[in-house]
Amino acid sequence: MSFSIPKETYSGKLPEITFGSVKKAFFGGESALPFHFFEGAFPHKPLIAFEIQDDVPEDYPEELARVYSSVWEDPVRWAKFCESLGAEAIALRLMSTHPDSKNSKPEQAAQAVKKLISEIDLPMIILGSNHTEKDAEVLPVVADTARGYNCIVGKAQEGNYKTIAASAMAGGHSLIAMSELDVNLAKQLNILITQIGFPREKIIIDPMCSALGYGFEYTYSVMERIRIAGLLQGDSMLCVPMVADVGFYVWKTKETQATEEEIPEWGSLHERAIMWEAVTACSFLLSGAELLIMRHPEAVKTTKKFIEELYGTYRNRNI
Amino acid sequence: MLIIGERLTIISKRVREAILKRDKLPIQQIAIEQWKAGAHMIEANIGPAEDDGEALMEWMVTTIQEAVPLPVSLDTTNPKAMEAGLRIHNNEWGKPLINSTSLDPERFIMFELAAKYAAPIIALTVGKGGLPRDAEERVEIAVQLMEKATEYGIELEDIFLDPLVLQISTSQHQAKEVLRAVKLFQELNDPPMKTIVGLSNLSNGCPRQVRPILNRYFLALLMYEGLSAAIVNPSEVIEVVKTVNVITGKTLYAHSYLEI
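So the sequence lines, in the order shown, correspond to chains A and B. Here the first sequence is numbered in full-length UniProt numbering, starting from 1 and rising by one per residue. Here the second sequence is numbered in full-length UniProt numbering, starting from 1 and rising by one per residue.
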C-alpha cells in the first residue's frame, strides 16, 4: 500500500516583499507553513540582512567588536564590508538618535541615510532606535530622504504608527509594524495601519522576538499562531511576512558575553556566541520568519547553509 | 456564518413597486446596501410569481448581479421561475441557493433542479402534517428530507436544513425547539449538516422597536448552537455575528474587530 502525506489546505497566501532600487531583494509569497514544501509554493527563500549602526555601537560585545571595530566608525565602510562578506541587504539602525545615546537630530540621521544610499547599492532596511517618541520624529524625515529608494522602514508601534506609516507610504517604502509579543495586538496594529490607508501588502510584522533562553519559546509560539491565523484561518490582517530582529536580542545575552574564565564549562566564547545567534535565527525560520536581521558573519553563514540545505531538498524533490 | 441579505422581498412595498415598474435602481440600491453591510449572498424573494415568473426571476438575478459581486439565493415556489434563475445566475462569485424544498411532494421538483444545476438547497423541515411540534419532529422530517435528497443524487453537504422559525408572539415555546433542532440536525451526519434560518420570522407581528432586539439575541443563541447560515437584514445583525465569532474563537480578537 502506498503512503500519501496528509496535506493541509490553506486559504491564505502571503504577499511578496520586494525592496531596494539598484539591487533588489525579495522575501515572502509562500502559501503554506514554514518549509511545508509539500503543501504550498515558496517563491523566495528567507532573507538575511546584516545590521549596521549610524555610529560606533555602545553595546556590541567583544566577539562583534573583533569583526567590525575597524569599520564601524563609518556606516558606508561598514556596509561595504558587509557587502564583501556576502550581504544581500543592509539594516541600518539609527542608534545615535536614542535620547539615552547621543540624542542626535532627525536631520543628522537623514544625512547618514543619504550618504549610505548614494554609495551603497544594496537594499536597505532603516530602523529607528526603538524609542517610541523619538522614532516618530526621526523616521518621517529619514523616510522622506530615502524617497524613491524603495526601502523598508521601521518600526511602527501602537504609540507612533500614524506618523511613521504615513511617511513610509509617502516615501514609497515597506513598513515594519512591531507589537509586543501578542497575536491579538499584532492584528490590531495592522488594522490601525491599514485604516490610515497603508497597503497591507507592504507590512511586515515584527512580533518582537527574543533570544534563545530568554523568552524565545514565547515568541516562537506567537509567530506560529500568527502564521496559522493568516494561512489557515484566512485572517488577512495577519497574512503578511514576519521579521525577526535576531542580532539585537542575541548579543545582549550572557551566552554571547561571559568569558571562558568566568564559566569554563560553557567552552569557547567564540563558538558559543556565534552558535547562539545561528541557532536562534534558524529556530525563528521554523516558526515563520522570512526576514532576519543578524550581526555576526559566521552566524549568518551557518543560517544561510541551513536555508540552502532545506531549499535544496525542496527543489530536487520536485514536489 | 453565511449571511444572506433578506431585504429584496416582494412583501416589501418598495421592492414590489420597483418590480412592477421594472425599475432597477431601488433593487440595486438595496442589494448594494446589504453587500456593504456584510451580506455574503442576496436573497431574491419573488413569492409564487404565477404570471411571468421566469422573466421576473431572470430580471431580478441580473439586476442584482449587475450591482454586487455576490451569489443570489432564489426564493420562489414557481419551479419554472426557479429554473430560469438558476440558468441565468452568474456563478463567478459562488453558486446560487435554492430556497426551498420540503416534504410536500409538489416541491420535490426543487430537488431535481438542485441536482441538475449542482446547486445547494434549503430543506424546510415541514411535513405533510403541517408545522412541526418540537425539535424531535423536526429531526424526523430532516432525516426523511436527507433520504429524499440522496435519491435525487444531491450531496448532503449541499443541503441547508431549516428548522422553521415561528413567530414568538403566537408560539413562544417554538423558539427553544428551534434552538434544540439546530443542535440536533448537526448530529445527523459527519461532517455536520448545515443549518439555516429565516431569522426575522421570530419577531413577525411584534412591535417595531423590539423586533431587532429579538432577532439579534436569537441569532446569538443560534450561532452558539452551531448555525451555519441565516437569511437576515445584515445591518441589523453584523455586530452580533462578528462578536459571537470572536467569543467562540472563529475570528481572532483585535480591539478593532468590529471595523473589519
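Built from N, CA and C at the ideal position, the CB exists for glycine as well.
Backbone secondary structure at K305 of chain A - three-state DSSP: As a first step, residue 305 of chain A must be located in the first sequence, where it is residue number 305. Residue state, collapsed to three classes: helix.
DSSP three-state assignment for T259 of chain A, whether helix, strand or coil: Numbered from 1 along the first sequence, position 259 holds the residue referred to as residue 259 of chain A. T259 of chain A: coil per DSSP, three-state reduction.
Burial state of Q186 of chain B (16 or more Cβ within 10 Å): Position 186 of the second sequence holds residue 186 of chain B. Counting other Cβ atoms within 10 Å of its Cβ, Q186 of chain B reaches 16 or more and is therefore classed as buried.
Where M208 of chain A meets chain B, residues with beta-carbon distance less than 9 Å: Indexing the first sequence from 1 puts residue 208 of chain A at position 208. At a beta-carbon threshold of 9 Å, none of the residues of chain B lie near M208 of chain A; the nearest stands roughly 17 Å away.
7 Å Cβ cutoff, L175 of chain A in contact with chain B: Residue mapping note: residue 175 of chain A aligns to position 175 of the first sequence, counting from 1. No, L175 of chain A lies away from the interface with chain B (no Cβ there is under 7 Å from its Cβ).
Contact set between A149 of chain B and chain A, taken where Cβ atoms lie within less than 8 Å: As a first step, residue 149 of chain B is located in the second sequence; it is residue number 149 there, counting from the start. Within chain A, no residue comes near A149 of chain B; the closest Cβ sits about 26 Å away, beyond 8 Å.
Closer than 7 Å to chain A by CB, I260 of chain B: If you number the second sequence from 1, residue 260 of chain B lands on position 260. Any Cβ of chain A closer than 7 Å to the Cβ of I260 of chain B would place that residue at the interface, and such an atom is present.
7 Å Cβ cutoff, A254 of chain B in contact with chain A: Counting from 1 along the second sequence, the entry for residue 254 of chain B is found at position 254. By this cut-off, A254 of chain B is an interface position.
Cβ shell of V68 of chain B (< 7 Å), same chain only, five flanking positions each side left out: In the second sequence, the residue the question calls residue 68 of chain B occupies position 68. Cβ neighbours of V68 of chain B beyond the five flanking positions: A31, I32, W35, I42.
Which of helix, strand or coil DSSP assigns to Q233 of chain A: Along the first sequence, read from residue 1 onward, the residue named residue 233 of chain A stands at position 233. The three-state reading of DSSP puts Q233 of chain A in coil, since its state is none of H, G, I, E or B.
Test item: CB-CB of K134 of chain A and P99 of chain A under 7 Å: The sequence position of residue 134 of chain A within the first sequence is 134, counting from 1. The sequence position of residue 99 of chain A within the first sequence is 99, counting from 1. Yes, these two residues count as a Cβ contact at 7 Å.
C-beta atoms of L214 of chain B and S203 of chain B nearer than 7 Å: The count along the second sequence starts at 1 and reaches residue 214 of chain B at position 214. The count along the second sequence starts at 1 and reaches residue 203 of chain B at position 203. In this structure, S203 of chain B lies closer than 7 Å to L214 of chain B by Cβ.
Buried versus exposed, by CB contacts within 10 Å (16 or more), P140 of chain A: Translated into the one-based positions of the first sequence, residue 140 of chain A becomes position 140. Buried, by the Cβ-count rule.
Enclosing beta strand (DSSP E) for Q53 of chain A [first to last residue]: Residue numbering aside, residue 53 of chain A sits at position 53 when the first sequence is read from its first letter. Counting along the chain, the beta strand (DSSP E) containing Q53 of chain A begins and ends at 47-53.
Under the three-state DSSP convention, the category T63 of chain B falls into: For the purposes of this step, residue 63 of chain B is identified with residue 63 of the second sequence, where counting begins at 1. In the three-state reduction of the DSSP assignment, T63 of chain B falls in the helix class.
N318 of chain A, DSSP secondary structure in three states: On the first sequence, residue 318 of chain A is found 318 positions in, with the first residue counted as 1. Residue placement at N318 of chain A is poorly supported in this model, since its pLDDT is 45, which falls under 50; the coordinates are not used for a value here.
Inter-residue spacing [alpha-carbon to alpha-carbon] between Q53 of chain A and L92 of chain A: Working through the first sequence from its first residue, we reach residue 53 of chain A at position 53. Working through the first sequence from its first residue, we reach residue 92 of chain A at position 92. So the two alpha carbons sit approximately 5 Å from each other.
With 16 other Cβ atoms within 10 Å as the buried cut-off, status of A170 of chain A: Residue mapping note: residue 170 of chain A aligns to position 170 of the first sequence, counting from 1. A170 of chain A comes out exposed.
Opening and closing residue of the alpha helix (DSSP H) in which A135 of chain B lies: Counted from its first residue, the second sequence places residue 135 of chain B at position 135. Counted as a single uninterrupted DSSP element, the alpha helix (DSSP H) harbouring A135 of chain B occupies residues 135-151.
Interface partners of N103 of chain A on chain B, CB under 7 Å: Taking the first sequence and counting its residues from 1, the one referred to as residue 103 of chain A is at position 103. For N103 of chain A, there are no neighbours in chain B by C-beta distance under 7 Å, as the nearest C-beta there is about 33 Å away.
Of the residues B:E54, B:V72, B:I11, the one placed nearest Q28 of chain B, counting alpha carbons only: As a first step, residue 28 of chain B is located in the second sequence; it is residue number 28 there, counting from the start. Answer by Cα proximity: B:V72.
Nearest-angstrom Cα separation, counted from Y117 of chain B out to K95 of chain B: In the second sequence, the residue the question calls residue 95 of chain B occupies position 95. In the second sequence, the residue the question calls residue 117 of chain B occupies position 117. Computed Cα separation, rounded: 9 Å.
Helix, strand or coil at residue 327 of chain A [DSSP, three-state]: With chain A running from 1 to 319 in the structure shown, residue 327 of chain A is simply not present.
Per DSSP, the bridge partner or partners of G130 of chain B: Taking the second sequence and counting its residues from 1, the one referred to as residue 130 of chain B is at position 130. Beta-bridge partners assigned by DSSP to G130 of chain B: B:G127.
DSSP three-state assignment for F26 of chain A, whether helix, strand or coil: Translated into positions along the first sequence, residue 26 of chain A becomes position 26. Note: F26 of chain A maps to strand in three-state DSSP.
Chain B residues whose Cβ lies nearer than 8 Å to that of L192 of chain A: Walking along the first sequence from the start, residue 192 of chain A turns up at place 192. Counting only Cβ-Cβ distances below 8 Å, L192 of chain A has contacts in chain B at S256, in chain order.
Contacting residues, own chain, Cβ-Cβ under 8 Å from K128 of chain B (five flanking each side not counted): Translated into the one-based positions of the second sequence, residue 128 of chain B becomes position 128. Around K128 of chain B: L103, D104.
Residues near T302 of chain A in its chain [Cβ-Cβ closer than 6 Å; skip 5 each side]: By one-based count along the first sequence, residue 302 of chain A stands at place 302. Beyond the five residues adjoining it in sequence on each side, T302 of chain A comes within less than 6 Å, by CB distance, of A278 in the same chain, given in chain order.
Completely contained alpha helix (DSSP H) runs for the segment 36-90 of chain A, where each covers 4 or more residues: As far as the segment 36-90 of chain A is concerned, its whole alpha helix (DSSP H) runs of at least 4 residues are 62-68, 75-84.
Contacts around I319 of chain A, its chain only, beta-carbon distance under 8 Å, and the 5 residues preceding and following it disregarded: Counted from its first residue, the first sequence places residue 319 of chain A at position 319. Interpretation of I319 of chain A is limited by its pLDDT of 42, a score under 50 that renders its predicted location unreliable; no figure is taken from the coordinates.
Chain-order list of residues whose beta-carbon lies under 8 Å from that of L156 of chain B (same chain, five-residue window excluded): Within the second sequence, numbered from 1, the residue matching residue 156 of chain B stands at position 156. So the qualifying residues of the chain are M146, A149, T150, N189, M193.
Expected contact under 8 Å - CB spacing of A123 of chain B and I159 of chain B to nearest Å: Within the second sequence, numbered from 1, the residue matching residue 123 of chain B stands at position 123. Within the second sequence, numbered from 1, the residue matching residue 159 of chain B stands at position 159. Contact between A123 of chain B and I159 of chain B holds, since their C-beta atoms are separated by about 5 Å, short of 8 Å.
D182 of chain A: contacting residues in chain B (beta-carbon distance under 8 Å): Locating residue 182 of chain A in the first sequence gives position 182, counting from the first residue. The contacting residues do not exist; D182 of chain A stays about 10 Å from chain B at best.
Whole-angstrom distance between T9 of chain A and L122 of chain A, CA atom to CA atom: For this step, residue 122 of chain A is matched to residue 122 along the first sequence. For this step, residue 9 of chain A is matched to residue 9 along the first sequence. Straight-line Cα distance between these residues: approximately 37 Å.
Start-to-end residues for the beta strand (DSSP E) that takes in G154 of chain A: Counting from one through the first sequence, the residue named residue 154 of chain A turns up at place 154. Start and end: 152-156.
Partners in chain B for A229 of chain A, counting only beta-carbon separations shorter than 7 Å: One-based indexing of the first sequence puts residue 229 of chain A at position 229. Within chain B, L252 have C-beta atoms less than 7 Å from the C-beta of A229 of chain A, given in sequence order.
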